[in-house]
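*Asks:* Under the numbering used here, the sequence shown has 309 at position 308, and the numbering climbs by one with no breaks. For every residue, glycine included, the Cβ atom is placed at its ideal position computed from N, Cα and C.
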Amino acid sequence: MESVNTPSTSPAETATPSLPGKGKRVVVGLSGGVDSSVSAYLLKEQGYEVIGMFMKNWHDDSVTISNECPWIDDSNDAMIVAQHLGIPFQAIDLSEQYKARIVDYMFAEYQRGRTPNPDVLCNREIKFDVFLNAAVKLGADFVATGHYCRKGEIQQNGKTVYQLLSGKDPNKDQSYFLCQLTQEQLSRSLFPIGDLLKPEVRAIAKEIGLVTADKKDSQGLCFVGKVHLPDFLQQRLMPKKGKIVNIPADAISFKNGFDKSDLAQITAPYQLEPSLGRVVGEHNGAHYYTIGQRKGLNLGGFPEPLFVIGTDTDCNVIYTGMGEEHPGLYRKGLFIPNEDEHWIRTDHQLHTGESATYKARIRYRQPLAPCTLYKKEEGLYIIFDLPMKSITAGQFAAWYDGEELIGSGVIS
């Protein structure tokens with residue numbers, strides 16, 4: 002039998018391959034939930050020097066539903082996870098910045114009859130700005146979160162361009178919530194669970210014995226907990242009785258008599274006034290309601306449910322339409338002013354007179370809908386192939402090219 006000469010190998014030469022995070026420091030936003038817990042574990046396994054940090058963003062427990070996602074329990078769970086993983090842990094109080102950048106903005110938007118998205122704002126203003134800056138002061142190369150999304154990189158003219166990609170779990174994709182991030186913010190971000198399905202994340206947590214393995218997902222405002230919104234808004238927006246006016250489906254406002262080449266006309270909200278319908282009830286303040294809302298009207302006796310199709314905070318009137326197919330719920334397009342337009346992929350930004358086809362959504366987990374973007378001097382128009390339901394001022398529209406989120410903007 003022929004012998005085989007095997008070269009001798011020293012222990013140093015048999016070392017495991019270099020890990021992707023070796024020599025890199027990352028601060029993980031530990032929320033006290035399973036997603037961020039597993040994110041921290043995966044990063045440690047990849048060789049990163051991991052620091053766990055809990056963000057305290059809110060002090061006022063009077064407007065939270067106390068048994069659901071209280072911040073003290075979340076902070077304790079985050080600390081227990083950090084101890085279990087053997088990583089440093091600290092809490093950071095960002096409540097002052099959160100109030101100024103998120104809460105005050107929310108009140109101002111609701112006062113105007115608009116519906117803001119605090120989760121998108123929290124990511125843009127807190128997690129990937131204030132929190133990121135705090136992490137950099139700790140010498141971090143990156144921050145990481147438990148978002149179900151992915152980061153891609155491509156080379157363009159010798160420069161790295163970062164991509165924000167959908168999460169692999171179609172039921173949990175959270176790229177929409179990060180639609181306002183910049184190239185700089187993406188360059189400093191890691192999303193460790195973006196390639197995993199939620200059941201896989203929970204399975205990892207159970208396998209390594211994390212206390213958060215079976216903890217249910219939090220709901221409500223970003224890092225605040227589940228909030229009873231009317232109570233929350235009543236801290237500053239006082240209740241004020243007003244009329245609920247029901248508008249019939251055949252009202253003149255919904256007739257398609259406009260010029261289809263006039264983008265401003267196509268995307269303008271419907272012009273509603275009390276004379277078009279009849280008073281069917283009372284409400285406690287028009288600023289508490291949003292387009293498409295069904296719950297909270299407390300109106301019965303109709304063949305089909307009533308939905309909010311318009312609000313007038315100046316005159317304190319709510320307009321409703323009966324049934325899910327009411328034409329007042331649907332519009333063909335929307336408008337984003339120049340100052341509210343944002344492109345993650347700045348190399349794809351449209352210039353005046355240009356247009357492009359994408360798929361867009363106007364709320365989390367909504368199926369992507371084909372549309373065309375038209376750039377004009379005053380801003381960006383998005384025209385959908387089919388009418389879109391419940392387009393709401395103050396919300397974010399985000400447009401995608403396949404799995405990649407290209408840009409977003411605040412709906413006017």
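Check S176 in the structure and name its three-state DSSP category.
*Replies:* The answer is helix: DSSP assigns S176 an H, G or I state.
*Asks:* Going by beta carbon distance, what residues of the same chain come within less than 6 Å of A79, once the five residues before and after it are set aside?
*Replies:* So the qualifying residues of the chain are L31, G33 and F55.
*Asks:* Could you check which residue in G147, A399 and K216 has the C-alpha nearest to that of Y365?
*Replies:* Here the closest residue by C-alpha is A399.
*Asks:* I'd like the ranges of any beta strand (DSSP E) spanning at least 3 consecutive residues and lying wholly in the region 330–389.
*Replies:* Counting whole runs of 3 or more residues, the region 330–389 contains the beta strand (DSSP E) stretches 331–338, 342–344, 356–362 and 370–377.
*Asks:* Starting from C123 and walking both ways along the alpha helix (DSSP H), at which residues does that stretch end?
*Replies:* Segment P119 to C123, the alpha helix (DSSP H) holding C123.
*Asks:* In whole angstroms, what is the alpha-carbon distance linking R151 and L166?
*Replies:* Distance between the alpha carbons of R151 and L166: 5 Å.
*Asks:* Reducing DSSP to helix, strand and coil, say where I73 ends up.
*Replies:* Reduced to three states, the DSSP call for I73 is helix.
*Asks:* Taking DSSP's pairing of strands, which residues face N247 in a bridge?
*Replies:* Answer is R279 and T321, bridged to N247.
*Asks:* Do the region 153–169 and the region 370–386 make contact, defined as three or more Cβ pairs closer than 8 Å?
*Replies:* Judged by Cβ distances under 8 Å, the region 153–169 makes no contact with the region 370–386, as fewer than three pairs qualify.
*Asks:* At the level of alpha carbons, what is the spacing between L179 and Q272?
*Replies:* If you take the alpha carbons of L179 and Q272, they lie about 33 Å apart.
*Asks:* Ends of the beta strand (DSSP E) at K57?
*Replies:* Looking at the DSSP string, the run of the beta strand (DSSP E) that includes K57 is E50 to K57.
*Asks:* Buried or exposed: where does C123 fall if 16 or more other Cβ atoms within 10 Å of its Cβ makes it buried?
*Replies:* So C123 counts as buried.
*Asks:* Taking the CB atoms as reference points, tell me whether G293 and V309 lie closer together than 8 Å.
*Replies:* Cβ atoms of G293 and V309: closer than 8 Å.
*Asks:* Taking the CB atoms as reference points, tell me whether T347 and Q184 lie closer together than 8 Å.
*Replies:* Contact: yes.
*Asks:* State the CB to CB distance for the pair P117 and G395, rounded to an integer number of angstroms; the pair is presumed to be in contact (CB under 8 Å).
*Replies:* 5 Å between Cβ atoms; contact.
*Asks:* Using only the alpha-carbon positions, how far apart do I392 and P270 sit?
*Replies:* Distance between the alpha carbons of I392 and P270: 9 Å.
*Asks:* Grab me the residues of L277's own chain with a C-beta within less than 6 Å of its C-beta, minus the 5 sequence neighbours each way, in chain order.
*Replies:* Counting only Cβ-Cβ distances below 6 Å, and skipping sequence neighbours, we find I248 and A252.
*Asks:* For the alpha helix (DSSP H) that contains D196, what are its first and last residues?
*Replies:* From DSSP, D196 is part of no alpha helix (DSSP H); its letter is neither H nor E.
*Asks:* Taking contact to mean 3 or more Cβ pairs, one atom from each stretch, closer than 8 Å, check whether the region 338–353 and the region 311–327 are in contact.
*Replies:* Output reads no: the region 311–327 does not touch the region 338–353.
*Asks:* Tell me whether Q184 sits in a helix, a strand or coil according to DSSP, three-state version.
*Replies:* DSSP places Q184 in helix when its eight states are reduced to three.
*Asks:* Am I right that L381 and I337 are in contact with their C-beta atoms under 8 Å? What's the rounded C-beta distance?
*Replies:* Correct: roughly 4 Å between the Cβ atoms.
*Asks:* Return the Cβ separation of L1 and A41 in integer angstroms, given the expectation that the two are a contact with Cβ distance under 8 Å.
*Replies:* Outside the shown range of the chain (2 to 413) lies residue 1, about which nothing can therefore be said.
*Asks:* With the cut-off set at 8 Å, would you say D75 and I194 are in Cβ contact?
*Replies:* No, the Cβ-Cβ distance between D75 and I194 is not below 8 Å.
*Asks:* What is the rounded straight-line gap between the Cα of T17 and the Cα of W72?
*Replies:* The pLDDT assigned to T17 is 46, lower than 50, so where the model puts this residue is not dependable, and the model offers no usable value.
*Asks:* If you run the structure through DSSP and keep just helix, strand and coil, what is Y289?
*Replies:* Y289 falls in the helix class under three-state DSSP.
*Asks:* Helix, strand or coil, according to DSSP, for Q164 in the structure here?
*Replies:* In this structure, Q164 counts as strand in the three-state DSSP scheme.
*Asks:* Could you spell out where the alpha helix (DSSP H) holding D313 opens and where it closes?
*Replies:* D313 -> not in any alpha helix (DSSP H); beta strand (DSSP E) instead, spanning L307 to D313.
*Asks:* How would you label Y401, buried or exposed, when you count the other beta carbons within 10 angstroms and need 16 or more for buried?
*Replies:* The residue in question, Y401, is buried, as its Cβ has 16 or more Cβ neighbours within 10 Å.
*Asks:* What does DSSP give as the partner residues of C150 in its beta bridges?
*Replies:* Answer by DSSP bridge pairing, in chain order: S167.
*Asks:* Quick one: Cα of S409 to Cα of P368, how far?
*Replies:* Their Cα atoms are separated by approximately 16 Å.
*Asks:* Between which two residues does the alpha helix (DSSP H) carrying L264 extend?
*Replies:* Element bounds for L264: L264 to T268.
*Asks:* Is there contact between the region 95–114 and the region 235–250, where contact requires at least three CB pairs shorter than 8 Å?
*Replies:* Enough Cβ pairs lie closer than 8 Å, so yes.
*Asks:* Do the CB positions of G243 and H284 come within less than 8 Å of each other?
*Replies:* Cβ distance < 8 Å, so G243 and H284 count as in contact.
*Asks:* Use the C-beta contact count for C316: other C-beta atoms within 10 angstroms, 16 or more gives buried, fewer gives exposed.
*Replies:* When all chains shown are included, C316 counts as exposed.
*Asks:* Among the residues of its own chain, which have a CB less than 7 Å from the CB of V411, if the five just before and after it don't count?
*Replies:* Excluding positions up to five away in sequence, the list reads I337, D341, G395 and F397.
*Asks:* Pull the bridge partners of E405 from the DSSP assignment, please.
*Replies:* DSSP lists L166 and D402 as partners of E405.
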